[in-house]
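Visitor: Residue 122 in this note's numbering is what sits at position 122 of the sequence shown, and the numbering runs on without skipping anything. Each residue gets a CB set at the ideal place from its N, CA and C atoms; glycine is no exception.
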Amino acid sequence: MIEVSNFFIWLIRTFSYFGIFAASLAGTSTIFIPFPLDAVISFAAIGLGLHPFIVGVSAGFGATLGEITGYLVGFGGKEIIEKKVNKKVSKTVKFLKELFEKHGFWILPIAAFIPFPFDIIGISAGVGNYDIKKFLLGVFIGKTTRCVLIAYLSYFALPQFMIWLGMM
Numbered sequence: 001m002i003e004v005s006n007f008f009i010w011l012i013r014t015f016s017y018f019g020i021f022a023a024s025l026a027g028t029s030t031i032f033i034p035f036p037l038d039a040v041i042s043f044a045a046i047g048l049g050l051h052p053f054i055v056g057v058s059a060g061f062g063a064t065l066g067e068i069t070g071y072l073v074g075f076g077g078k079e080i081i082e083k084k085v086n087k088k089v090s091k092t093v094k095f096l097k098e099l100f101e102k103h104g105f106w107i108l109p110i111a112a113f114i115p116f117p118f119d120i121i122g123i124s125a126g127v128g129n130y131d132i133k134k135f136l137l138g139v140f141i142g143k144t145t146r147c148v149l150i151a152y153l154s155y156f157a158l159p160q161f162m163i164w165l166g167m168m
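As structure tokens, then:
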């Protein structure tokens, strides 16, 4: 895990905002494997002093494109997921599919914003043939808002908090 972290640190130091984009793309492309995207954003904003807004947008854009993998897994494997996967997963996917139909678009930005394993949402959107353009827009709104907020909080609030604790 340390080698992976060192790689992402090297990537961001070497390629700056594009490195943040690539790290968030890689981190959210994994299915059900946690990735410390918030730490990457904080490192870029505090450790390198990069502009927090651009850090957040770069990370949000990369994270959005990375979530396509979950959507494609759901879209391509809908028959297997609906019929052959265990009943608990199948019920969850069916519930989320119905949630999309009932509440529509705004489920995506809300789910993308909160710290939640978003893969199940992407898979459910794919299974339900949800419009990919709407999917990407909703995910972009939620992920980018979250990433920009984390970048700004890291850049401004974290140093102040450390001063208050007497650590700086």
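Kindly indicate which three-state DSSP category Tyr17 falls into: helix, strand or coil?
Guide: Helix, per DSSP.
Visitor: Quick one: grab the DSSP three-state call for Ile114.
Guide: It is coil, neither helix nor strand.
Visitor: Should the region 41 to 59 be called in touch with the region 97 to 111, which here means at least 3 C-beta pairs below 8 Å?
Guide: The region 41 to 59, when compared against the region 97 to 111, does not touch it at the 8 Å Cβ threshold.
Visitor: So, Leu37 versus Gly27, is the Cβ gap smaller than 9 Å?
Guide: Taking 9 Å as the Cβ cut-off, Leu37 and Gly27 qualify as a contacting pair.
Visitor: Hey, could you find the ends of the alpha helix (DSSP H) Leu37 is sitting in?
Guide: Start and end: 37 to 42.
Visitor: What number of angstroms, rounded off, separates the C-alpha of Phe18 from the C-alpha of Thr92?
Guide: Between Phe18 and Thr92, the C-alpha separation is close to 36 Å.
Visitor: Out of curiosity, what's the CA-to-CA distance linking Lys133 and Phe156?
Guide: About 34 Å.
Visitor: Would you check if the region 58 to 67 and the region 147 to 155 touch, i.e. whether three or more CB-CB distances between them fall below 8 Å?
Guide: Output reads yes: the region 58 to 67 touches the region 147 to 155.
Visitor: Which word fits Arg13, buried or exposed, when buried means at least 16 other C-beta atoms lie within 10 angstroms of its C-beta?
Guide: By the neighbour-count rule (16 or more Cβ atoms within 10 Å), Arg13 is not buried but exposed.
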